[in-house]
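2 protein chains.
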Amino acid sequence: MSLPADSPSAGEAARVEDDIIKRIAAILGRGPIPRGERHIGDDAAVLAPFVGQALISTDVAVLGVHLDESLFPLEDLGFKAMASAVSDLAAMGGRTKGAVIAVSSPPGTDLEELHRGIADAAVITSCPVVGGDLTRGRDVSVAVTVFGECPGKGAVLRSGAGPDEKILVTGPLGRSAAGLRRRRGGAPLTDELVVAHRRPWPRLAEGVAARAAGVSAMMDLSDGLGLDLNRLADASGVGFDLDEVPVAEGATHEEAISGGEDYELLMVTSDLERLRMIFADRGLRQPVVIGRTLEDVTTRTLRGASFDRRGWQHQL
Amino acid sequence: MSLPADSPSAGEAARVEDDIIKRIAAILGRGPIPRGERHIGDDAAVLAPFVGQALISTDVAVLGVHLDESLFPLEDLGFKAMASAVSDLAAMGGRTKGAVIAVSSPPGTDLEELHRGIADAAVITSCPVVGGDLTRGRDVSVAVTVFGECPGKGAVLRSGAGPDEKILVTGPLGRSAAGLRRRRGGAPLTDELVVAHRRPWPRLAEGVAARAAGVSAMMDLSDGLGLDLNRLADASGVGFDLDEVPVAEGATHEEAISGGEDYELLMVTSDLERLRMIFADRGLRQPVVIGRTLEDVTTRTLRGASFDRRGWQHQL
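Next up, the structure:
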């Protein structure tokens, strides 16, 4: 946005912008900055060397598309954008290193509220916000980019599953979709399932444990099992037959399959005992076996019936 | 965006989305992917270990705010967003490792054209696009996050300048603003100054050379010398007196000071001879001395006259 250079407000506008950035930095900066690092305030953020492979993922959330502002506070947009991006690192078995946030918004947007949601997610995921960019736009849009590291064995891809392996999920499904339904029906923001929708919890510890256990393939359930399991099967070149879909208390079978935004992890392994042992050792809830992979890539069934691609759609 | 799970179009919509992603990946994927790396197609991108400090920066560009679509093709939005983000790595003395792109857009947007501009910038900056996200929104908005590495000596901050050092820029200023003015006046897209506006060239080689030469502070001129030099002085706790502002051929003095988007580098050094020698050794154009830093932080002058904060404003 160019203002005429002789405008009396140019210097003042720059001060206002720098002030907003300072206030947001105060909201985000809850922890000490490691020695030798530089976060908000320079051209780029400077971080200590990563250990092992570097992981990067980006997610954008738009008010009115990803969050209904008549039902939820603006801070939920920030929280969900950050949690969704971090979940992609969990899905590779990675550890979080940091995040940068690019926000566009119309004048009058409560940027501090938006960033409080981001800060809450940064704390629970140990993923400090190290930089960002602010600009004007018609939409309130939050693009979160997270980066992590994968020490030791490499990241777990979604393409590594072979035939005759076990398929598991880290927990029952459909909580987020059920929470959205309940909120639309008038449930308060503090309702347990509504909170599951507003404040998804990336399965970072589970992802690291699964990588340690040598799972062959993994991804996060952001678009629903019906779509994501088919994507994993496509990438790995396998089919599958499911015995069951674990439905969360209060959710419907359909919500569990195609609701999306649960952010539980979907894992495939040929060594179920090792996976169970490592989860138990680390005090994590035991994952649930939901079926097995098949050599025939065209077979995609739930108890013998077709299990087609279905779930959340990003309309373009 | 949730579609009803029983909608007959849900599976089809997923295929359409995956097809768009494949076409964009083909536009972006011009080079071979290093062994052991994984770019577009998994939850997160996986990159080989970085050497030294990691650098991260994010920039968002919105159609109608950062680019006038009546004057410029959509691909310029992609190019400029990418170039602007990469310039932040140049400003630290870093090398590029890769980028991720988050795009929101209304239905009917030519996403392939947008990504062709991104791909062009990725090639000239040796910065492969390794992942992204697409979503629906009212604005066409491109958030580019770039990451780089800084082997050897650490990144150059904007806060390291001391008093009585030389201030330099890597080239004459005002080309971008002059190009915008000329385009508004009817100049063709191929006009040399219009191209300077449409296709800014991040000074990566110059940034690495400046870091090798031990400059004390550096930043890129994205918002204009009038604003950015004052920001560097604030961060370093110094004042300055300028002898001259190098005005590019075809630009005005005012465009050189407050036009913005030139992406030349602003450098401060106490060892001018070393800087000159390293630039000469590497075949780079010699930087121009524009003045010196002062111990009195309140003195901000151009040949004795006040040189206030002024330049591009991001209106919030």
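Chains as they are written, first to last, in my numbering: chain G, 1 to 316; chain U, 1001 to 1316.
We treat Cβ as the ideally placed atom computed from N, Cα and C, and that holds for glycine.
Keep in mind that this is a model prediction, so the values were computed, not measured.
Asked: I'd like the span of the beta strand (DSSP E) that includes residue 1149/U, first residue to last.; Found: 1141-1150
Asked: Taking all protein chains shown into account, decide if residue 1188/U is buried (16 or more other Cβ within 10 angstroms of its Cβ) or exposed.; Found: exposed
Asked: Take every Cβ of the region 1183-1202 of chain U, pair it with every Cβ of the region 1228-1242 of chain U, and state whether three or more of those distances are shorter than 8 Å.; Found: no
Asked: Between which two residues does the alpha helix (DSSP H) containing residue 1158/U stretch?; Found: Segment: none, residue 1158/U is in no alpha helix (DSSP H) and carries neither H nor E.
Asked: For residue 1101/U and residue 1132/U, which I take to be in contact (beta-carbon distance under 8 Å), what is that distance rounded to the nearest angstrom?; Found: 4 Å
Asked: Taking Cβ to Cβ, would you say residue 140/G is nearer than 9 Å to residue 74/G?; Found: yes
Asked: Please state if the CB of residue 126/G and the CB of residue 96/G are separated by a distance shorter than 9 Å.; Found: yes
Asked: Please report how far the alpha carbon of residue 1134/U lies from the alpha carbon of residue 1220/U, in whole angstroms.; Found: 29 Å
Asked: Taking C-beta to C-beta, are residue 1167/U and residue 1268/U nearer than 9 Å?; Found: yes
Asked: For a quick check, are the C-beta atoms of residue 293/G and residue 258/G less than 9 Å apart?; Found: no
Asked: I want to know whether the region 1039-1058 of chain U touches the region 40-56 of chain G - three or more CB-CB distances under 8 Å.; Found: yes
Asked: Using alpha carbons as the reference points, say which of 1264/U, 1300/U, 1302/U and 1303/U lies closest to residue 1287/U.; Found: 1264/U
Asked: Going by DSSP, what residues sit across from residue 1053/U in a beta bridge?; Found: 1150/U
Asked: Does the beta carbon of residue 49/G come closer than 9 Å to any beta carbon on chain U?; Found: yes
Asked: Using DSSP with H/G/I as helix, E/B as strand and the rest coil, what is residue 84/G?; Found: helix
Asked: Enumerate in chain order the residues of its own chain whose CB-to-CB distance from residue 1198/U is below 8 Å, with the five nearest sequence positions on each side excluded.; Found: 1072, 1076, 1079, 1080, 1179 and 1189
Asked: Hey, could you find the ends of the alpha helix (DSSP H) residue 1176/U is sitting in?; Found: 1175-1184
Asked: How would you call residue 1104/U, buried or exposed, if buried means at least 16 neighbouring beta carbons within 10 angstroms?; Found: buried
Asked: Rounded to the nearest angstrom, what separates residue 107/G and residue 1106/U at their Cα positions?; Found: 21 Å
Asked: Are there three or more Cβ pairs, one per stretch, closer than 8 Å when the region 116-123 of chain G is compared with the region 1032-1045 of chain U?; Found: no
Asked: Thinking C-beta only, is residue 196/G closer than 9 Å to residue 144/G?; Found: no
Asked: From the beta carbon of residue 118/G, is the nearest beta carbon of chain U less than 9 Å away?; Found: no
Asked: Name, going along the chain, the residues of the region 1013-1038 of chain U whose beta-carbon falls closer than 9 Å to a beta-carbon of chain G.; Found: 1013, 1014, 1015, 1016, 1017, 1018, 1020, 1036, 1037 and 1038
Asked: Using a Cβ cut-off of 8 Å, pull out every chain U residue sitting near residue 219/G, in sequence order please.; Found: 1042 and 1043
Asked: Using Cβ-Cβ distances below 7 Å, what residues of the region 75-92 of chain G are close to chain U?; Found: 88, 89, 91 and 92
Asked: Taking a cut of 7 Å between CB atoms, which residues from the region 1264-1294 of chain U lie near chain G?; Found: none
Asked: Assuming residue 93/G and residue 147/G form a contact by the criterion Cβ under 8 Å, report the distance between their Cβ atoms to the nearest whole angstrom.; Found: About 15 Å; that fails the 8 Å criterion.
Asked: Please look up how many angstroms separate the CB atoms of residue 1090/U and residue 1200/U, rounded, as I've assumed it's under 8 Å.; Found: Actually they do not touch by this definition, with Cβ atoms about 11 Å apart.
Asked: Residue 272/G by DSSP, collapsed to three states: which one?; Found: helix
Asked: Compute the beta-carbon to beta-carbon distance between residue 45/G and residue 1159/U, rounded to the nearest angstrom, for a pair I have assumed lies under 8 Å.; Found: Wrong, their Cβ atoms sit about 14 Å apart, outside the cutoff.
Asked: Kindly indicate if chain U contains any beta-carbon less than 9 Å away from that of residue 147/G.; Found: yes
Asked: Give every residue of the same chain whose Cβ lies closer than 7 Å to the Cβ of residue 1150/U, excluding the five residues on either side of it in the sequence, and list them in chain order.; Found: 1052, 1053, 1055, 1092, 1093 and 1094
Asked: Using the DSSP secondary-structure output, state which residues sit across from residue 1217/U in a beta bridge.; Found: 1268/U
Asked: Residues of the region 165-190 of chain G in Cβ contact with chain U at a cutoff of 7 Å, in chain order, please.; Found: none
Asked: So which residues on chain G does residue 1100/U lean against when the C-beta distance must stay under 8 Å?; Found: 56, 57, 58 and 145
Asked: By Cβ distance below 7 Å, which residues in the same chain neighbour residue 1023/U in space, the five residues on each side in sequence not counted?; Found: 1112
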